[in-house]
Amino acid sequence: MAERILIVGSNGQIGTELLGALRNQFGNDQVVASDLRFSQSIDGPHFVLDAMNAQAVYELVKNQGITQIYLLAAMLSATAEKFPQKGWSLNMDTLFTCLELAREGHIKKLYWPSSIAVFGPTTPRENTPQATVTEPSTIYGISKFAGERWCEWYHLKHGVDVRSLRYPGLISYSSPPGGGTTDYAVDIFHKAKAEGRYTSFLSAQTALPMMYMPDAIRATLELMEAPAEKIKQRGSYNVGALSFTPAELSLAIQKHIPSFEIDYAPDFRQQIADSWPKSIDDSAARTDWGWKPDFNLEAMVSDMFAHI
Ligand code: NAD
Ligand code: SER
């Protein structure tokens with residue numbers, strides 16, 4: 280049977296790019312987009328869907344003959360600190376709906392992204408291992424960590440084929456980021472080009488793991504295509520690519536815009552960033568299913584300026 284794929288949360292930073300990549304791979308009509316709002320820019324099958332409405336998700340899956348779901352609807356770290364109960368409900372309830380759809384055999388495969396936010400202040404911050412202390416201090420991180428445990432449980436108890444990556448901060452030009460702590464690394468490009476300067480909400484020396492969106496999309500597709508027996512982590516995989524500070528990113532930007540200036544006004548997101556890893560050990564992903572990033576800092580910055 281041909282695969283028919285549903286993206287839940289297709290209008291966001293990742294969904295915007297994943298939709299095109301999946302449609303290239305599976306064909307336009309085989310990939311169904313859905314989000315809270317209708318997007319004029321999407322061709323092909325596209326539905327308004329509130330992922331909190333489990334019945335509506337069930338009906339869309341059944342009516343559209345869906346075999347795989349990519350669940351991207353979520354509340355990210357900075358926004359979830361402002362709306363903790365809403366963030367918890369959105370991040371957990373939507374995952375349960377999809378895990379149950381898989382357990383009941385309505386879909387064959389589920390992709391659900393986790394995050395470096397599963398780590399916390401007690402985690403080793405350099406080259407953070409796949410398995411280590413996970414005591415997240417944000418609601419977002421708590422929801423991602425709990426989600427990982429549920430994914431593994433559904434796999435072990437019910438054989439659900441659920442797969443996941445702990446994305447670092449993602450950098451892209453097509454769509455704005457949706458309320459995360461790593462958003463500065465996208466905003467900075469737009470402000471650099473428009474105004475020649477940027478005020479960073481993270482301090483100069485705050486190192487965080489990051490990844491350029493083409494690498495993130497390829498990692499996602501490669502994980503989902505890998506034979507099931509190669510997937511040893513049914514919670515979620517560490518995936519790494521870049522690690523830099525706002526000061527290092529601004530130096531890389533100055534190679535394209537020499538007059539670019541940055542200053543720093545850390546806000547509540549600094550505390551979140553300080554609880555996250557600086558760099559990631561992704562050797563499990565490299566060994567199990569062959570993960571390898573393409574973009575280093577210079578290549579990512581050049582490509583961003585070529586597109587924005
Ligand atoms: P985003 O905020 O840009 O997009 C999320 C999309 O979900 C939005 O289009 C929003 O309208 C939609 N949505 C929200 N509530 C919904 C609901 N009830 N029903 C249907 N749609 C709803 O987020 P993103 O950056 O694309 O992230 C997608 C996933 O990847 C999330 O799980 C996020 O935690 C994870 N992630 C993202 C990053 C990153 O840097 N972008 C890093 C780590 C993990
Ligand atoms: N980029 C995300 C955030 O900052 C990490 O999961 O929330």
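Heads up, the sequence shown stops at 587 in this note's numbering, and the numbers go up one at a time, no gaps.
Even glycine gets a Cβ: it sits at the ideal position worked out from N, Cα and C.
- According to DSSP, residues forming a beta bridge with Tyr491: Residue pairing by DSSP puts Tyr491 in a beta bridge opposite Ile450.
- Query: Looking at Leu297 and Ile496, is the spacing between their C-beta atoms short of 8 Å?
  - Reply: The Cβ atoms of Ile496 and Leu297 lie closer than 8 Å to each other.
- Message: I'd like to know whether the C-beta atoms of Thr346 and Ile286 end up nearer to each other than 8 Å.
- Response: Not in contact: Thr346 and Ile286 (Cβ atoms no closer than 8 Å).
- Query: Taking buried to mean at least 16 other C-beta atoms within 10 Å of its own C-beta, is Met280 buried or exposed?
  - Reply: By the neighbour-count criterion, in which a residue is buried when 16 or more other Cβ atoms sit within 10 angstroms of its Cβ, Met280 is exposed.
- Under 6 Å Cβ to Cβ from Glu414, same chain only, skipping five residues before and after it: list those, please. So the qualifying residues of the chain are Gly399, Thr401.
- Message: Assuming the contact rule is C-beta atoms closer than 8 Å, Ile532 and Ile467 should be a hit. Round their C-beta distance to whole Å, please.
- Response: Indeed they touch by this definition, with Cβ atoms about 7 Å apart.
- Smallest Cα separation from Pro447: which of Ser368, Ser320, Pro488, Ser538? The shortest C-alpha to C-alpha distance from Pro447 to any of Ser368, Ser320, Pro488, Ser538 is the one to Pro488.
- Message: Just checking Tyr419 against the ligand SER - is the residue's beta carbon closer than 7 Å to any of the ligand's heavy atoms?
- Response: Answer for Tyr419: yes, Cβ within range of the ligand SER.
- Message: Need the endpoints of the alpha helix (DSSP H) that Val580 sits in, please.
- Response: Taken as a continuous stretch (DSSP letters only), the alpha helix (DSSP H) holding Val580 covers 576-586.
- Per DSSP, which one or two residues make a beta bridge with Phe317? Looking at the DSSP assignment, Phe317 forms no beta bridge with any residue, so it has no partner.
- Continuous beta strand (DSSP E) stretch holding Phe424: start and end: Phe424: not part of any beta strand (DSSP E); member of the alpha helix (DSSP H) spanning 418-437, first to last residue.
- Among Trp429, Lys509, Ala396, Phe424, nearest to Glu379 - alpha-carbon criterion: Nearest of Trp429, Lys509, Ala396, Phe424 to Glu379, Cα basis: Trp429.
- Where Ile395 falls: helix, strand or coil (DSSP): Assigned with DSSP and collapsed to three states, Ile395 falls in helix.
- Cutoff 6 Å; reference Gln409; Cβ partners in own chain excluding five residues on either side: For Gln409, same chain residues with a beta-carbon under 6 Å away, outside a window of 5 residues either side, are Asn517, Ala563 in chain order.
- Inter-residue CB distance, Pro392 and Leu351 (contact presumed, cutoff 8 Å): Right, their Cβ atoms sit about 7 Å apart.
- Message: If I follow the unbroken beta strand (DSSP E) through Gln347, where does it start and stop?
- Response: Start and end: 347-350.
- Which stretch, first to last residue, makes up the beta strand (DSSP E) that contains Phe480? The continuous stretches of beta strand (DSSP E) do not include Phe480, and DSSP gives it neither H nor E.
- Item | Tyr452 and His586 closer than 8 Å at C-beta | Taking the C-beta atoms as reference points, His586 is found nearer than 8 Å to Tyr452.
- Supposed close pair Asn370, Asp560 - CB separation, criterion 8 Å: Not quite, the Cβ-Cβ distance comes to about 25 Å (not below 8 Å), so this is no contact.
- Are Ala507 and Trp570 close, meaning C-beta to C-beta below 8 Å? Contact flag unset, no.
- Item | Nearest-angstrom Cα separation, counted from Gly426 out to Ala603 | Past the edges of the chain, shown from 280 to 587, lies residue 603, and the structure says nothing about it.
- Message: Classify Phe317: buried if its beta carbon has 16 or more other beta carbons within 10 angstroms, exposed otherwise.
- Response: Phe317 is exposed by the Cβ-count criterion.
- Message: Shorter than 7 Å, the distance from the beta carbon of Asn463 to the closest heavy atom of the ligand SER, or not?
- Response: It is worth fixing the name first, because residue 463 is Tyr in this sequence and not Asn. Relative to the non-hydrogen atoms of the ligand SER, the Cβ of Tyr463 never comes closer than 7 Å to any of them.
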